[in-house]
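Trainee:
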Amino acid sequence: MTRGQTIKMKMSDGAEIGVYHVEPVGARRGGLVLIQEIFGVTQHIREISDEYAVDGYEVLAPALFDREAPGLDAGFTPEDLQHVIKIAREMHPFELSVADSITCIDALKPKGPVFMTGYCYGGSVVWLTACRSENLDAASSYYGSLVARFVQEKPKCPVILHFGEHDHGIPLDGVEKVKEAHPDVPVYIYDAGHAFNNSGRPDMYSAEAAKLARDRTLELFRANG
């Protein structure tokens, strides 16, 4: 059973999309915009949101693909993967995900500091949003394959990046280019593959890497709150 609820929020293009919203437990540490993997706002994404709420964060997790596939909560079968890849690469503009993220950030900002984290597709969104938003206090990006593509962009807030050493979809030479271009951005490499934070994918999940990355993320947020 999840702690939050899905609300509707109007985005910059006038569309109303679903956003999983969780109120903080106990003292409020700040707002957190949490960005989905390519599979949508799944049970896993809702559970992570709930966990951050327990740490004191008011969380907004926008359903970025609601315009193309309302309520998307895909599985991990090859068919599901092909479906969501088509949405992400052919149907949904990446820049729109950044714009939706900024809308969520701006909604939380009047209440205090705002942070951001995201995974896979969301990790790429986090990086570019951190380079575009004026209202973000810190961001933690997990295994975003497009970070290297946007390496020329410069973050406007403290950012940390997490990658798996054995991630076949994100070559380490691209990660090295990011490190060279942004020596001030901590880049953490884990003895793990892609999606090491997703406990719902036992073939990829690494409890040790997930815990260490989460500890580093919380440390970043608390240092900038």
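Following our numbering, the residues of the sequence shown are numbered contiguously, the last one being 1201.
C-beta: ideal position from N, C-alpha, C; glycine also.
On a predicted model such as this, the values are computed, not experimentally measured, just so you know.
Taking the straight line between their C-alpha atoms, what separation do you get for residue 1026 and residue 1108?
Mentor: 27 Å
Trainee: So which of 1083, 1134, 1188, 1088 has the shortest CA-CA distance to residue 1104?
Mentor: Of the candidates 1083, 1134, 1188, 1088, the residue whose Cα lies closest to the Cα of residue 1104 is 1134.
Trainee: Which runs of the beta strand (DSSP E) at least 3 residues long sit entirely within the stretch 1108-1152? Give them in chain order.
Mentor: The qualifying runs are 1114-1118, 1135-1140.
Trainee: Which residues does DSSP list as the beta-bridge partners of residue 1008?
Mentor: Residue 1008 has 1035, 1091 as its beta-bridge partners, per DSSP.
Trainee: Around the C-beta of residue 1131, are 16 or more other C-beta atoms found within 10 angstroms, so that it is buried, or is it exposed?
Mentor: buried
Trainee: To the nearest angstrom, how far is the alpha carbon of residue 1061 from that of residue 1191?
Mentor: 30 Å
Trainee: Out of 1111, 1077, 1091, 1110, which has the shortest C-alpha to C-alpha gap to residue 1101?
Mentor: 1077
Trainee: Can you look up residue 1027 in the DSSP assignment and give me helix, strand or coil?
Mentor: helix
Trainee: With DSSP as the reference, identify every bridge partner of residue 993, one or two as the case may be.
Mentor: 985
Trainee: Residue 1004 to residue 1195, Cα distance in whole Å?
Mentor: 16 Å
Trainee: Starting from the Cα of residue 1045, find the closest Cα among 1068, 999, 982 and give me that residue.
Mentor: 1068
Trainee: Considering just the uninterrupted stretch of the alpha helix (DSSP H) at residue 1078, what are its terminal residues?
Mentor: 1070-1084
Trainee: My output table needs one value for residue 1191: the three-state DSSP class, helix, strand or coil.
Mentor: helix
Trainee: If you follow the alpha helix (DSSP H) that residue 1163 is part of, which residue opens it and which one closes it?
Mentor: Per DSSP, residue 1163 lies in no alpha helix (DSSP H) segment; the continuous beta strand (DSSP E) that holds it begins and ends at 1163-1166.
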